[in-house]
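Q: My structure is below; once you've seen it, I'll send some questions.
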Amino acid sequence: MAAPYANDHLNPNGPNDARPTALKIIRDEGLDGKLTGKAFLITGCTSGVGVEIARAIHATGADVYITGRQADKGKEVVDRILADGKPGNVVYLDMSLDSITSVKKAAANFLGLSKTLNVLICNAGIALAPQGTTQDGHETHFGVNYVAHFALFHELRDTLLASATPEFSSRVVTMSSMVHAVTTFSSDDYNLERMPYEPYAAYGSSKTATLWMANEIERRYGSKGLHATSVHPGAVLTEKISAQMGGSEGSMQNPALGLYMKSIAQGAATPVWAAIGKEWDQGRSLSCRGLGRGPSERIRV
């Protein structure tokens with residue numbers, strides 16, 4: 122399989138280096154203004170990578186539905202994206218991923234606005250949170266990153282299937298992480314109650330679940346025109362990550378790590394490619410370092 126962005130990743134030089142942005146992916150695919158009438162739903166779009174995913178998808182002319190927990194920020198994002206002048210609508214939906222009730226309400230609101238859904242991008246999530254549970258009693262990482270998105274998919278599955286055509290398959294994109302490969306998933310201890318709590322392990326376990334979710338969607342529905350891809354976007358220099366690294370001073374203290382960091386626009390490239398690239402009509406896992414049908418089948422991109 123071709124790896125069009127392999128050379129761009131050979132010598133990383135920090136945020137805004139030669140690695141592609143989400144908008145570059147759209148233009149390389151020749152989709153600028155070409156997806157008018159298609160509907161995309163993207164979770165977690167009031168800050169960070171989600172905003173750039175939504176911005177890039179709207180550049181295709183598609184209708185974009187974004188979710189978040191803060192209506193004021195959501196409406197600001199809507200206005201900023203609409204400023205690109207593209208024809209598609211941008212609609213904010215309130216949704217809290219720590220509540221299945223909220224997820225179901227958001228799904229119902231979406232279905233009241235759109236008869237079709239071509240792509241669902243499960244972007245929202247948390248990382249390295251203190252020990253806690255969601256309103257439904259799930260360990261916070263597992264509940265927010267996986268359970269809520271599975272519930273959202275369940276509510277929207279029939280619409281995704283009905284929207285698939287031979288010319289444009291429906292897709293689900295889940296956000297995984299390379300961390301899944303270095304942590305242990307306990308299928309009989311989802312809430313991690315049998316061991317001392319470790320946020321890194323909790324995060325990795327939830328990302329294993331999102332990867333498996335994509336695999337199972339592909340296994341069950343790929344033959345029906347609904348495909349799923351799990352993605353690792355890379356190390357993205359969001360405001361939260363920058364603070365955890367100690368800001369610019371922290372980056373200077375660890376320059377090697379800084380070289381691998383991506384800008385937010387670059388971090389959005391991987392999920393956007395999974396959402397619209399023709400290569401991803403086969404349900405694989407995709408990362409900024411490699412792609413494959415599973416951890417054992419990866420090619421550099």
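In my numbering, the protein residues as written are 122 to 422.
Note that CB positions come from ideal geometry on N, CA and C, so glycine has one too.
All values reported here derive from a predicted model rather than from experimental measurement.
1) Starting from MET334 and walking both ways along the alpha helix (DSSP H), at which residues does that stretch end?
2) Check whether the stretch 276-291 touches the stretch 223-233, counting contact only when three or more Cβ pairs, one atom from each stretch, lie closer than 8 Å.
3) Name the residue from TRP394, ALA389 and ALA395 whose alpha carbon lies nearest to the alpha carbon of ASN137.
4) Where do the ends of the alpha helix (DSSP H) carrying HIS275 lie?
5) Using three-state DSSP, classify GLN365 as helix, strand or coil.
6) Label MET216 either buried or exposed according to how many other C-beta atoms from any shown protein chain fall within 10 Å of its C-beta, with 16 as the threshold for buried.
7) Measuring CB to CB, does VAL198 end up less than 9 Å from TYR186?
8) LEU162 and ILE242 - do their beta-carbons sit closer together than 9 Å?
9) List in chain order: all unbroken beta strand (DSSP E) runs of 3+ residues lying wholly within the stretch 220-269.
10) Should GLY154 and ALA127 be called a contact, given that it needs their Cβ atoms to be closer than 9 Å?
11) By how many angstroms is the C-alpha of ASP200 removed from the C-alpha of GLY269?
12) For the stretch 162-215, which segments carrying the alpha helix (DSSP H) assignment without a break, of at least 4 residues, lie completely within its bounds, in sequence order?
13) Rounded to whole angstroms, what's the CA-CA distance from ASN210 to LEU131? Just pull it up for me.
14) Quick one: using the 10 Å Cβ neighbour count with 16 as the cut-off for buried, is MET296 buried or exposed?
15) Using 9 Å as the threshold, is the C-beta distance between LYS438 and THR188 below it?
16) Should LYS159 and ASP193 be called a contact, given that it needs their Cβ atoms to be closer than 9 Å?
17) Looking at the secondary structure, which residues open and close the beta strand (DSSP E) in which LEU347 lies?
18) CB-CB under 7 Å to LEU249, same chain, minus the five flanking residues each way: which ones, in chain order?
19) Which residues in the same chain as PRO208 place their Cβ atom closer than 6 Å to its Cβ, once the five residues preceding and following it in sequence are excluded?
20) Would you kindly work out how many angstroms separate the C-alpha atoms of TYR381 and LEU282, rounded to a whole number?
21) Starting from the C-beta of ARG148, find all residues in its chain whose C-beta is less than 6 Å away, skip the five residues before and the five after it, and write them out in chain order.
22) Under a Cβ-count criterion, where at least 16 other Cβ atoms within 10 Å of its own Cβ denotes burial, should TYR318 be classed as buried or exposed?
23) Looking at ILE146 and VAL393, is the spacing between their C-beta atoms short of 9 Å?
24) Under 9 Å between the Cβ atoms of THR255 and LEU218?
25) Smallest Cα separation from HIS348: which of PRO287, SER220 and CYS166?
26) Using CA coordinates, which residue listed in ALA335, VAL172, ALA386 and ALA396 is at the minimum distance from ALA245?
27) Would you tell me roughly how many angstroms separate the C-alpha atoms of GLY379 and LYS345, rounded to the nearest one?
28) Quick check: what's the CA-CA separation for LEU203 versus SER308?
29) Skipping 5 residues on each side, what residues in its chain have a beta carbon closer than 7 Å to that of SER223?
A: The structure says:
1) Per DSSP, MET334 belongs to the alpha helix (DSSP H) from 320-342.
2) In short, these stretches touch, since the Cβ pair count reaches three.
3) Of TRP394, ALA389 and ALA395, the residue nearest in Cα terms is ALA389.
4) 269-284 is the span of the alpha helix (DSSP H), which, as asked, contains HIS275.
5) Low per-residue confidence applies at GLN365: pLDDT is 46, beneath 50, and the placement is therefore not dependable enough to give any value.
6) Per the 10 Å Cβ criterion, buried.
7) No, the Cβ-Cβ distance between VAL198 and TYR186 is not below 9 Å.
8) Yes, they are a contact pair.
9) The DSSP assignment places complete beta strand (DSSP E) segments of no fewer than 3 residues inside the stretch 220-269 at 240-243, in order along the chain.
10) Contact flag unset, no.
11) Per the sequence shown, the amino acid found at residue 269 is Ala instead of Gly. Cα-Cα distance, rounded: 27 Å.
12) Those alpha helix (DSSP H) runs which fall completely within the stretch 162-215 and span 4+ residues are 170-179 and 192-203.
13) Take the alpha-carbon of ASN210 and the one of LEU131: they are about 38 Å apart.
14) MET296 should be labelled buried.
15) Not covered by the structure: residue 438. The range shown for the chain is 122 to 422.
16) One thing to note: LYS159 has its Cβ no nearer than 9 Å to the Cβ of ASP193.
17) 347-353 is the extent of the beta strand (DSSP E) around LEU347.
18) Taken in chain order, the residues that qualify are PRO320, TYR321 and TYR324.
19) Within the same chain, PRO208 has close Cβ partners THR157 and GLY182.
20) When rounded, the separation of the alpha-carbon atoms in TYR381 and LEU282 is 38 Å.
21) Counting only Cβ-Cβ distances below 6 Å, and skipping sequence neighbours, we find nothing.
22) With fewer than 16 Cβ atoms within 10 Å of its Cβ, TYR318 is classed as exposed.
23) Cβ atoms of VAL393 and ILE146: closer than 9 Å.
24) Cβ atoms of THR255 and LEU218: closer than 9 Å.
25) Of PRO287, SER220 and CYS166, the residue nearest in Cα terms is PRO287.
26) The residue with the shortest Cα to Cα distance from ALA245 is VAL172.
27) Each residue's alpha carbon lies about 43 Å from the other.
28) Rounded to the nearest angstrom, the two C-alpha atoms are 43 Å apart.
29) Excluding sequence neighbours, SER223 sits near MET216 and SER217.
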